[in-house]
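Heads up: the structure comes next, in structure tokens.
Number of protein chains: 2
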Amino acid sequence: MRKVLAFDLGGTKFAFGVVNEDGSLLGSGRVETFADKGPAQACERVAEAAHRLLAELGLRPVDFVAIGIASPGPLDMARGCVDGSPNLPGWTGFSITEFLSNSFGGLPARIDNDCNAAALGEYRFGAGKGRKNVVYITVSTGIGGGAVIDGRLMRGANGNAAELGHIPLTMDGPSCGCGNPGCWEVYASGTAIARRTREALAAGRPSSILKFAGSLDQVTTHHLFQAMAEGDALANEIWAESINYLGRGLGAVINIFNPDVIVVGGGVTAAGDALFVPMRKSAAQYAFPRLSAVCSIVPAGLGGEVGVVGAAACALEGAQEK
Amino acid sequence: MRKVLAFDLGGTKFAFGVVNEDGSLLGSGRVETFADKGPAQACERVAEAAHRLLAELGLRPVDFVAIGIASPGPLDMARGCVDGSPNLPGWTGFSITEFLSNSFGGLPARIDNDCNAAALGEYRFGAGKGRKNVVYITVSTGIGGGAVIDGRLMRGANGNAAELGHIPLTMDGPSCGCGNPGCWEVYASGTAIARRTREALAAGRPSSILKFAGSLDQVTTHHLFQAMAEGDALANEIWAESINYLGRGLGAVINIFNPDVIVVGGGVTAAGDALFVPMRKSAAQYAFPRLSAVCSIVPAGLGGEVGVVGAAACALEGAQEK
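Protein chains in written order, with my numbering: chain A, 1 to 322; chain B, 1001 to 1322.
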């Protein structure tokens, strides 16, 4: 079975794994990124750790068809670099593909946006398997997206397609990191839900949320869920608003892509049915009936390994094209 | 050269043409739809007129590879029907593909959403020629869209993808025909610009627009342009707002698709540079720099024949797949 050596670069962790062409993981590991120390040291350490894994598994670079790398965008795919990613300062212009290719016997290496890689991973091996049109949405620090259209990953003109967290919800809302007001992710990401909760508490709204969080600046969506379990009114109100924002964005995604399935991952999905049941209803309300009727909204299937497995799916796709 | 017999169904006109595989038109015509009299009479009359055109051109059904039909959505592509289109009452369930196929010697017939067909037409033969990722936007009564992703038309799960006019701009704006508040098209379509103009005039704002329109209910974007040419302050203000709304939506389109080019058609583009120059600037402001840097925004290349030529492009694509 063909194998890919896959990497998942993040601002905190740099994960890697040996992935079979059926999506199964033969082995994996991770190192700290220490992003602010620059790319060379992180790439050296991850390559060293991956070489140890290969030795443990009795594999050599020649046993692989390709190297796949998932990374936060924006990317310069042609040069194999990140290009101005806020969580990877000083990395712009360093060719991660070249470094890792050189470290592993000249294997062909490709880099893809991590959410796009996740979309292809979920399409090939996860919750989107068997469907042709799959949109992946992650709701966590921000909202990220990726889209597989009729069985092919949508990369766009320069590999940066599917910035779905920046679909507008308002013209004059809170400022987004992208510089615009009112993007979807400033209302409905995990960070945004926590921020809106803190704002409501700071405005003096009574609630048990603070009891769980300890102090205002510690509040996360986790404490919101704890308070909801007690029937806290403010927590329920903020959650209902969040569902409405999530549904408005997902409704737009349905109208834009007419997908067979939207796969939703990220920390907020830990809420399970408390999220998915009302969110499906809200999304359907904001989409054309003929489009929402054919679109399922389901939890991600690949869990924490989505980055590594997605990177492998991208590299396998490239290897198939040859 | 392969030929397609192409039809472009609208609520008012039912156009048809003989299209070569290079996109050139050998001949064309149109009949009135009289949509409220139902589909059978309209399809009979258009088939009769198309048969006359074929006779004039010395062609028979056997000289064609396929029939292509562009129609307002939503569609039931499998059955070849419109399915609940507001401007075609009573048409739901009538198989236009079957009728026209039977009328022309059993030629294979396919139906596509008119904006999707236009996107493929502009990609193959128009302003998107030579680019791989092409989004088509029409700004007229509403805002419609279509997307060609890496050289292939995005149809979605059931042929209804790219309802781009329903990207949200606000959560609480004017009601859209789709049932939601604040969609892009309720702010920035030709109809919406005229409505916002009438609202401002009805609120008593002084302006020369009324002089050109005659009465409030006659106001269109055309009168807005006439007043702008005189330096009318209200007209300039409404136009600037419209550009801002158009830019916000186009910025979202850039962030969603990372296209090489956005081709803009529809009545509002009659404004020419007065539209395109500020609209490009506004769109760039609302999109990621790395994505807007590679995306041109250009006027449509196919003009009034975009429906017929687009329908032909869709049918040719299907014929190639065989």
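Even for Gly, the Cβ is constructed at its ideal location relative to N, Cα and C.
Item                                                                                                                                                                                    : Value
Hey, would you say P1039 (chain B) sits closer than 8 Å to R290 (chain A), going by beta carbons?                                                                                       : no
By the three-class DSSP mapping on this structure, what secondary structure does L26 (chain A) have?                                                                                    : strand
Strictly under 8 Å for the Cβ-Cβ distance: is T1269 (chain B) near chain A by that measure?                                                                                             : no
Suppose the cutoff is 6 Å on Cβ atoms and the five residues either side in sequence are ignored; what does the same chain contact list for G1265 (chain B) look like?                   : T1138, A1300
Are R1110 (chain B) and G1068 (chain B) close, meaning C-beta to C-beta below 8 Å?                                                                                                      : yes
What residues in the segment 159 to 170 of chain A bring their beta carbon closer than 8 Å to a beta carbon of chain B?                                                                 : G159, N160, A161, A162, E163, L164, H166, I167, P168, L169, T170
My output table needs one value for K37 (chain A): the three-state DSSP class, helix, strand or coil.                                                                                   : helix
My understanding is that A1235 (chain B) touches A1227 (chain B), with C-beta atoms under 8 Å, so please give their C-beta distance in whole angstroms.                                 : 4 Å
Does the beta-carbon distance from N258 (chain A) to A1157 (chain B) come in below 8 Å?                                                                                                 : yes
I'd like to know if P1260 (chain B) contacts chain A, where contact means its C-beta is closer than 8 Å to some C-beta of that chain.                                                   : It should be pointed out that residue 1260 (chain B) corresponds to Asp in this sequence rather than to Pro. Yes, contact with chain A.
Flag L250 (chain A) as yes if its beta-carbon sits less than 8 Å from any beta-carbon of chain B, otherwise no.                                                                         : no
Distance, Cα to Cα, G247 (chain A) vs E122 (chain A)?                                                                                                                                   : 21 Å
From the DSSP output, in three-state form, read off S1292 (chain B) for me.                                                                                                             : helix
Buried or exposed: where does E1185 (chain B) fall if 16 or more other Cβ atoms within 10 Å of its Cβ makes it buried?                                                                  : buried
Our contact map puts F64 (chain A) next to L5 (chain A) with C-beta atoms below 8 Å; I'd like the distance itself, whole angstroms only.                                                : 5 Å
Rounded to the nearest angstrom, how far is the Cβ of R1060 (chain B) from that of L1054 (chain B), given a contact under 8 Å?                                                          : 7 Å
Given that P154 (chain A) touches chain B, what residues does it touch there, using C-beta distances under 7 Å?                                                                         : A quick correction: the sequence has Met, not Pro, at residue 154 (chain A). Correct list: I1149.
Is it right to say T12 (chain A) is buried, meaning 16 or more other beta carbons lie within 10 angstroms of its own, or is it exposed?                                                 : exposed
Report the residue ranges of all beta strand (DSSP E) runs contained in full by the segment 150 to 235 of chain A; include only those spanning at least 3 residues, in chain order.     : none
Give the range of the beta strand (DSSP E) segment to which K984 (chain B) is assigned.                                                                                                 : The structure shown does not extend to residue 984 (chain B), since chain B is modelled only from 1001 to 1322, so the question has no answer here.
So which residues of chain A does L1133 (chain B) contact, with C-beta pairs closer than 7 Å?                                                                                           : For clarity, residue 1133 (chain B) is Asn in the given sequence; the question names Leu instead. Residues of chain A passing the Cβ test: G156, A157.
Establish whether the CB of L1246 (chain B) and some CB of chain A are separated by less than 8 Å.                                                                                      : no
Can you list the residues of chain A that P1074 (chain B) reaches, using a CB-CB cut of under 9 Å?                                                                                      : F288, P289, R290, L291
Can you tell me whether E32 (chain A) is buried or exposed? The criterion is at least 16 other CB atoms within 10 Å of its CB, across all chains shown.                                 : exposed
Going along chain B in order, which residues have a C-beta closer than 9 Å to the C-beta of N102 (chain A)?                                                                             : Neighbours of N102 (chain A) on chain B: none; closest Cβ ~26 Å, over 9 Å.
Taking Cβ positions, are L1153 (chain B) and L1120 (chain B) nearer each other than 8 Å?                                                                                                : yes
Can you name the residues of chain B whose CB is closer than 7 Å to the CB of N255 (chain A)?                                                                                           : E1163, H1166
Could I get the ranges of all uninterrupted beta strand (DSSP E) runs contained in the segment 33 to 94 of chain A, with 3 residues as the minimum, in chain order?                     : 66 to 71
Would you say K322 (chain A) faces chain B, with C-beta separation under 8 Å as the test?                                                                                               : In this prediction, K322 (chain A) has a pLDDT of 42, which is less than 50 and means its spatial position is unreliable; nothing more can be read from the coordinates.
Taking the alpha-carbon positions, what's the A1311 (chain B) to T191 (chain A) distance?                                                                                               : 46 Å
Count the other C-beta atoms from every protein chain shown that fall within 10 angstroms of the C-beta of G1142 (chain B), then say buried if there are 16 or more, exposed otherwise. : buried
Is any beta-carbon of chain B found at less than 8 Å from that of V294 (chain A)?                                                                                                       : yes
I1167 (chain B) and I262 (chain A): beta carbons closer than 8 Å?                                                                                                                       : no
Taking buried to mean at least 16 other C-beta atoms within 10 Å of its own C-beta, is R1052 (chain B) buried or exposed?                                                               : exposed
Select from B:Y1245, B:R1131, B:A1202, B:R1198 the residue whose C-alpha is nearest the C-alpha of L1224 (chain B).                                                                     : B:R1198
Tell whether a beta-carbon distance below 8 Å holds between D232 (chain A) and S207 (chain A).                                                                                          : yes
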